[in-house]
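Below is one structure, written out as C-alpha cells; comments come after it.
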Amino acid sequence: MKTTTRVAVIGGGVVGCSVLYHLTKLGWSDVMLIERSELTSGSTWHAAGGFHTLNGDTNMAALQGYTIKLYRELEEITGMSCGLHHVGGVTLAEDQERFDMLKAERAKHRFMGLETEIVSPEEIAKIAPVTNIDGIVGGLYDPLDGHLDPSGTTHAYAKAARMGGATIETHCKVVETNQRPDGSWDVVTNKGTVHAEHIVNAGGLWAREVGAMAGVYFPLHPMEHQYIVTDEVPEIAAIIDAGGEHPHVMDPAGESYLRQEGRGLCIGFYEQPCKPWAVDGTPWDFGHELLPDDFDKIEDSIAFAYNRFPALERAGVKSVIHGPFTFAPDGNPLVGPVPGMRNYWSACAVMAGFSQGGGVGLMLAQWMVEGECERDTFAMDCARFGYWITPGYTRPKVIENYQKRFSIAYPNEELPAARPFRTTPMYDIFDGMGAVWGAQYGLEVPNYFAEGDEPRYETPSFRRSNAFDATAREVKAVRENVGINEVHNFGKYLVKGTGARAWLDRIMAGRVPQVGRLSLTPMLSPKGRLIGDFTISCLSEEEFQLTASYGSQAYHMRWFLQNMDDGVHLENISDTRTGFQIAGPKAREVLQACTRSDVSDMRFMDVRRLTVGMADCIVQRVSYTGDLGYEIYCDLPSQRALWDSLWSAGQEHSMKPFGMRAMMSLRLDKFFGSWLSEFSPDYTAAETGLDRFISFRKDVDFIGRTAAEAERDAGPSRKLCAFEVDADDADVTAYEPIWLDGAVVGFCTSGGYSHHAQKSVALGFVPVERAQEGLEVEIEILGSRRRARLITSPLFDADGARMRG
Ligand SMILES: Cc1cc2nc3c(=O)[nH]c(=O)nc-3n(C[C@H](O)[C@H](O)[C@H](O)COP(=O)(O)OP(=O)(O)OC[C@H]3O[C@@H](n4cnc5c(N)ncnc54)[C@H](O)[C@@H]3O)c2cc1C
C-alpha cells in the first residue's frame with residue numbers, strides 16, 4: 081500500500097469516488113481513496129439510482145444539472161456503462177400552490193439553461209400513462225430526469241480516477257486520523273499508516289465516526305428509507321415491448337417517487353412516520369445488509385399510491401429495499417474545508433448521491449486545487465452551521481427535513497423543528513409584544529410583531545402573506561417616528577493588536593477608517609468574487625469592530641483564520657456583543673434622551689463609546705433601513721437595561737419594535753443589497769456596485785486586488801439594477817427571469833414590497849449596456865410576465881439628506 085499521498089479520501093461510496101475523479105480531472109494525480117470494504121459498501125449499493133435537477137436552491141439545482149450531464153462523459157472516458165436511462169420525469173401538482181411553485185422553478189430554469197416544461201394533466205396522462213390524473217392541476221416535466229446503475233456508476237468514477245493516476249485501497253479501514261504539527265495527517269488503517277497532506281471525509285453512513293477520529297462533529301444523521309420493486313406490470317411491459325420507457329413520476333402529495341424497473345415499477349416514499357437510524361452511531365459491521373421490511377410506516381403512503389398509480393395495486397411485490405442514508409439538518413450536503421481544521425475537508429451528508437455527487441466532487445476539487453469554487457457553494461458549505469450545532473439539534477431537524485422532502489418550500493416559510501433553541505435576553509419581552517419568530521443560524525429573531533387579534537403565525541405563501549399589514553405598520557413607524565430592533569443577528573468580530581490595521585487593509589478591499597469612523601467594504605476572494613460585505617468601526621488605532629451577516633460567522637471566521645497575520649487578535653463576538661438599532665426621524669432625540677453626552681454632532685458614519693442609560697455602549701451612526709439611525713452595542717448582561725432606557729425614552733416618540741420583514745422592505749427603498757442575495761461569491765464588486773467601496777488608491781496588495789483591477793479596466797458585463805414592478809399580489813423573491821424583447825436577459829436577486837413607496841421592487845442583473853433608467857422589461861413572477869421599469873433614484877431619501885442629516 082502507498083504510504084504517502086497528497087490527498088486521502090476516506091470512503092468509497094459514490095461521493096468519495098466522485099471527489100477522487102474530480103481531483104485527478106483538475107490535475108492532482110497523487111491522490112488515494114481508502115475504503116474499509118468493497119466500493120459502494122455504505123448507502124450507495126442499495127440506492128434506487130434516480131436523478132433529477134429540481135432543487136429549491138438554484139446553485140444546488142445547477143450542480144445537479146452538472147452531475148447528470150457528467151455521466152455520458154464518464155462512460156466515454158472509461159468505456160464502462162453507468163446503466164443510464166434518460167427517461168425524463170414529471171413532478172405532479174395537486175393544487176394551485178404546488179403549481180405556483182413548479183412555475184417558479186420553471187422560470188428559474190430558463191436562465192440556468194435547463195429545458196424543463198410546464199405540462200397539463202392531459203399531457204401528463206400521455207407522458208406517464210400509469211398516472212391517475214384525477215385532481216392533478218398540472219406538472220413540471222424535466223427531460224434530464226432518469227436513473228442509472230449505482231454500482232456501475234461508482235465503479236466508472238473509480239476507473240476514471242485510476243486512469244488519472246489515483247490509487248484505490250479497498251478492505252482498508254481507517255481507524256485513526258492524527259494531525260502532525262505541520263498540518264499534514266497520519267491516516268492510520270488496519271493495513272498501515274498513510275501520510276497525507278489532506279484528508280477528505282467521504283465516510284457517508286460513517287462520516288460521524290470518521291469525523292470523531294479528528295475530534296470534529298459533523299451535523300448529519302442517517303434516516304431509514306424504503307422502496308418497493310414490483311413484479312411485471314402489464315402497462316409497463318406494453319410500453320417496453322413498443323420500444324418505449326416510462327418516465328419518472330414524483331407525486332409530492334403522496335410523498336412518493338415512481339419509476340420503471342425492469343418490466344415492473346419501483347416506488348419509494350418519504351413517509352411522515354419516518355425513523356432515524358443508528359442514533360448513537362453507525363455500527364462498523366453494517367454495510368452489506370438491508371434493514372427489515374417495515375410496511376407499517378408506509379401503510380398510508382401505499383394506500384395513497386394505489387389511487388395515484390392504480391397499476392401498483394394489481395402488481396405483486398418482487399423486492400423491498402430498506403436501508404439508511406444520511407441528511408444534514410437542511411437536507412443539503414456538507415462540503416468544503418471544515419472550520420477550525422487545517423487540511424481537513426468534508427464531502428458528507430449527500431442525500432442524493434446520484435443527483436448531487438458529481439457537483440459535490442467538482443466543487444470540492446476546485447476548492448482544494450484552485451483555492452475557490454466557480455460558484456457560490458454556501459448552500460452546501462459545511463460552514464453554514466456554527467459552533468452551536470449539536471446532535472440534539474441535528475436529529476429533529478433531519479427528521480423534519482425528511483418529512484418535508486416533498487412539501488412545498490415557500491420563500492417566507494419558517495420551519496418549526498428544534499425551536500426555540502438559541503434566544504437572546506429579549507426573547508420573553510419581544511414574545512410578550514407579539515413577536516412572530518423566525519430562525520437565523522439557530523437564533524430566534526422577530527420577523528414582525530402581531531397586534532390585537534392578528535395571528536402569531538405567518539402563512540407560508542408565494543404571494544403576499546398575512547404579515548403584510550404588520551410589516552406596513554412597522555415601516556410606517558420607522559419612516560414617520562422611530563423603530564427599534566435588535567442587532568444581535570449581525571455577525572460581529574473584534575480585531576485588536578498592533579497588526580490589526582495592516583491586516584484589515586490586506587484582507588478587506590475597502591478603506592480602513594480612522595479612529596471614530598466607520599467604513600463599508602467588500603471582502604474579495606483572490607479571483608475577485610464577493611466573499612463578504614463588512615462595516616468596519618475603528619474604536620482605537622488598535623481596536624476595530626467588524627459587522628456582517630450573522631449566518632456567515634463560521635464561513636468568515638474560516639477565511640479570517642486561513643489568512644491571519646501575526647500581531648492580530650481576532651474574536652468572534654457575535655453572541656457576546658448585542659444591543660439594538662433605532663431608526664427613523666426621531667432616533668436622535670431618543671438616543672439623546674438616554675445619554676448625558678451630546679450626540680447632536682455625531683455625523684453619519686461616526687462611532688463613539690457612550691453610556692446609554694446605565695449601559696457602556698459602542699454607538700455607531702448608520703442604519704440598514706437607510707434612515708437616520710444608530711446601532712447601539714452593549715454586552716449581553718446589559719441588554720435589558722439598555723432596552724428599558726431606549727424603550728421608555730421612545731414612548732413619547734411613538735416608538736415601535738420592528739422585525740426582519742420590515743427591515744427587508746426598508747432596505748429596498750434604498751436599493752441596499754443583502755448578503756447571499758445581491759452579494760455572494762456568484763458576483764463581483766463591479767457587477768453589484770460594491771466597487772465604489774474598493775480603495776484602489778490604498779498602497780496595499782489587498783486580496784483580490786489584481787482581479788478587481790482587471791474588472792475595473794475591462795468593465796463588468798452585467799450590472800445590478802433596481803426595478804419597479806407592476807406586480808399583482810406576488811412580489812419577486814429570487815431568481816425570477818428578466819425578459820427583454822422576448823428573450824431572458826437577466827434574473828432577479830431579491831425583491832419585495834416597499835411599504836413606504838407602496839411599490840413592488842426587484843433587484844436583479846441585466847447586461848450592462850441595457851442598464852439605463854427607464855428600461856422597460858418583464859419579470860416573470862409565478863409564471864406570469866409582469867411589466868417592470870428600471871429605476872435609479874431611491875424611493876426614500878434620494879439625496880440622503882435624512883440619513884446623513
Ligand atoms: C433506499 C435508498 C434509496 C436511495 N435512492 C437514491 C436515489 O434514487 N437517488 C439518489 O441520488 N440517491 C439515493 N439514495 C441516497 C444515496 O444512496 C446516497 O446519497 C449515497 O449513496 C451517498 O454516498 P456516499 O458516498 O456519501 O456514502 P456511502 O455510500 O455511505 O459511502 C461511504 C463509504 O465510506 C466507507 N467508509 C466509512 N468509514 C470508513 C473508514 N473508517 N475507513 C474506510 N472506509 C470507510 C464505507 O464503507 C462506505 O463505502 C438512496 C438511499 C437509500 C437508503
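Note that this note's numbering numbers the sequence shown so that position 573 is 653, with each residue one more than the last. Positions of the beta carbon are idealized from the N, C-alpha and C atoms, including for glycine. Because the structure is a prediction, the values reported are computed rather than measured.
Relative to ligand 1, is the shortest distance from any of its heavy atoms to the C-beta of MET81 smaller than 7 Å?
Checking the Cβ of MET81 against ligand 1 gives no.
Could you spell out where the beta strand (DSSP E) holding CYS801 opens and where it closes?
Taken as a continuous stretch (DSSP letters only), the beta strand (DSSP E) holding CYS801 covers 798–805.
Where do the N-terminal and C-terminal ends of the alpha helix (DSSP H) with TRP723 fall, by residue?
TRP723 -> alpha helix (DSSP H) spans 719–730.
Closer than 7 Å to a non-hydrogen atom of ligand 1 - does that hold for the CB of PHE434?
Under cutoff, so the answer is yes.
PRO372 classed as buried or exposed, judged by whether at least 16 other C-beta atoms fall within 10 angstroms
Classification for PRO372: exposed.
Jot down the residue ranges of each uninterrupted beta strand (DSSP E) in the region 495–521, minimum 3 residues, whole runs only, in chain order.
Runs found: 515–520.
I need the straight-line Cα distance from PHE179 to ASN139, nearest angstrom please.
Using only the alpha carbons, I get a separation of about 22 Å.
When DSSP labels each residue in this structure, what does TRP468 get in the three-state scheme?
In this structure, DSSP gives TRP468 a state outside helix and strand, which the three-state scheme calls coil.
Applying the criterion that 16 or more other CB atoms from any shown protein chain within 10 Å of the CB defines a buried residue, is LEU414 buried or exposed?
By the 10 Å Cβ count, LEU414 comes out buried.
So, using beta-carbon positions, are GLU480 and ARG502 closer together than 8 Å?
For GLU480 and ARG502, no; Cβs fall outside 8 Å.
Are the CB atoms of GLU816 and LYS839 nearer to each other than 8 Å?
Not a contact, by the Cβ cut-off of 8 Å.
Could you pull out every unbroken alpha helix (DSSP H) segment of at least 4 residues lying fully inside the region 664–725, listed in chain order?
Runs of the alpha helix (DSSP H) inside the region 664–725: 667–673.
For HIS328, which residues from the same chain have a beta carbon less than 6 Å from its beta carbon, with the 5 sequence-adjacent residues on both sides left out?
GLY169, ASP225, ARG339.
Quick one: Cα of LEU285 to Cα of THR786, how far?
Rounded to whole angstroms, LEU285 to THR786 spans 43 Å at the Cα level.
Give every residue of the same chain whose Cβ lies closer than 7 Å to the Cβ of ASP175, excluding the five residues on either side of it in the sequence, and list them in chain order.
Excluding positions up to five away in sequence, the list reads VAL217.
If you drop the 5 nearest sequence neighbours on each side, which residues of the same chain put their C-beta closer than 8 Å to that of ASP686?
Cβ neighbours of ASP686 within its own chain (closer than 8 Å, five residues either side excluded): GLY596, ARG597, LEU598, GLN700, ARG701.
Which word fits PRO737, buried or exposed, when buried means at least 16 other C-beta atoms lie within 10 angstroms of its C-beta?
Under this definition PRO737 is a buried residue.
Across the region 347–363 and the region 381–397, are there enough close Cβ pairs to call them in contact, namely three or more that are closer than 8 Å?
With a cut-off of 8 Å, the region 381–397 and the region 347–363 count as touching, because enough Cβ pairs lie within range.
Quick check on the DSSP output: the alpha helix (DSSP H) that includes GLY438 runs from which residue to which?
Annotation: the continuous alpha helix (DSSP H) that includes GLY438 extends over 433–450.
So TYR635 is in the beta strand (DSSP E); what residue range does that whole segment cover?
Per DSSP, TYR635 lies in no beta strand (DSSP E) segment; the continuous alpha helix (DSSP H) that holds it begins and ends at 633–642.
Kindly indicate which residue of MET744, ASP266, GLY571 has the alpha-carbon position closest to the one of THR492.
Note that residue 492 is Asn in the sequence shown here, rather than Thr. Ranking MET744, ASP266, GLY571 by Cα distance to ASN492 puts MET744 first.
Tell me which same chain residues have a C-beta within less than 8 Å of the C-beta of ALA589, skipping the five on either side of it?
Around ALA589: THR601, PRO602, MET603, LEU604, ALA765, PHE773, ILE774, SER775, PHE782, ILE783, GLY784, ARG785, ALA788.
Here's a check: name, in chain order, each residue in its chain whose Cβ is nearer than 7 Å to the Cβ of TRP291, leaving out the five neighbours to either side.
At residue 291 the sequence reads Gly, which differs from the Trp that was named. Sequence-distant Cβ neighbours of GLY291 in its own chain, meaning closer than 7 Å and more than five residues away, are ASN281, TYR297, PHE298.
When DSSP labels each residue in this structure, what does PHE614 get in the three-state scheme?
Strand, per DSSP.
On the DSSP letters alone, give me the boundaries of the alpha helix (DSSP H) that ARG178 sits inside.
Counted as a single uninterrupted DSSP element, the alpha helix (DSSP H) harbouring ARG178 occupies residues 176–192.
Identify every run of the beta strand (DSSP E) within the region 277–310, keeping only runs that are complete inside it and at least 3 residues long; order them along the chain.
Within the region 277–310, complete beta strand (DSSP E) segments of at least 3 residues are found at 301–310, given in chain order.
What is the DSSP secondary structure of GLU816, reduced to helix, strand or coil?
Correct three-state label for GLU816: coil.
Closest to ALA241 by C-alpha separation, out of ARG668, GLY272, LEU154, ALA580, would be which residue?
Of the candidates ARG668, GLY272, LEU154, ALA580, the one whose C-alpha sits nearest the C-alpha of ALA241 is LEU154.
Proximity to PRO302 [Cα-Cα], best of LEU103, THR362, SER834, THR578:
That would be THR362, whose Cα lies nearest to the Cα of PRO302.
Counting only the same chain and skipping the five closest in sequence on each side, list residues whose C-beta sits under 8 Å from that of TRP108.
Excluding residues within five positions, the ones whose Cβ falls inside 8 Å are ARG86, VAL87, ALA445, MET448, VAL449.
Just the Cα atoms here: how many angstroms apart are GLY92 and ASP365?
Taking the straight line joining both Cα atoms gives about 16 Å.
Whole angstroms is fine: what's the gap from VAL397's alpha carbon to ASN387's?
Cα-Cα distance, rounded: 17 Å.
Boundaries (first-last residue) of the beta strand (DSSP E) holding THR601
Here the beta strand (DSSP E) through THR601 covers 598–604.
I want to check one thing, is the minimum distance from the CB of MET431 to the heavy atoms of ligand 1 below 7 Å?
Relative to ligand 1, the beta carbon of MET431 is positioned inside 7 Å of a heavy atom.
Apart from the five residues on each side of it in sequence, which residues of its chain come closer than 8 Å, Cβ to Cβ, to GLY514?
Take GLY514, set aside five residues on each side of it, and the residues of its chain with a beta-carbon closer than 8 Å to its own are PHE529, ALA530, GLU531, GLU534, ARG536, in chain order.
Range of the contiguous beta strand (DSSP E) that encloses HIS235
Counting along the chain, HIS235 sits inside no beta strand (DSSP E); it lies in the alpha helix (DSSP H) bounded by residues 230–243.
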